[in-house]
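Trainee: Residue numbers (this note's numbering): 537 to 653. Note that the Cβ used here is the ideal one computed from N, Cα and C, for glycine as well.
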């Protein structure tokens, strides 16, 4: 009597048989089942991987959309910064104009004094 052990994930079979043709047929069938099972599991893994890949691709698409939104927000922030810089430049120009006006007012009494003398 011989002991044959067939390992096939997730199924593990242990068969005890003699060397009769019937037992040989059983072993042959079990071998075929084991091969089929391995093939089935490989297909299942491939299906799972492709499924997770498609999920990953939709996740990648969402990530790309979030990145585009972040880029739009950065562009809006740059535009706001440019606007603030233009406003600061206008304010500096107004300040220079006020300074020139004060300078003219300071020179005006001197001009009036010079023309009188």
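By Cβ distance below 7 Å, which residues in the same chain neighbour residue 547 in space, the five residues on each side in sequence not counted?
Mentor: Bear in mind that a pLDDT of 42 at residue 547, under 50, signals an unreliable position, so the number given afterwards is only what the model happens to contain. Beyond the five residues adjoining it in sequence on each side, residue 547 comes within less than 7 Å, by CB distance, of 573 in the same chain, given in chain order.
Trainee: I'd like the list of long-range same chain contacts for residue 568, defined as Cβ closer than 6 Å, with 5 residues on each side in sequence excluded.
Mentor: none
Trainee: Please report how far the alpha carbon of residue 664 lies from the alpha carbon of residue 597, in whole angstroms.
Mentor: The chain is shown only over 537 to 653; residue 664 falls outside these bounds and no answer can be derived.
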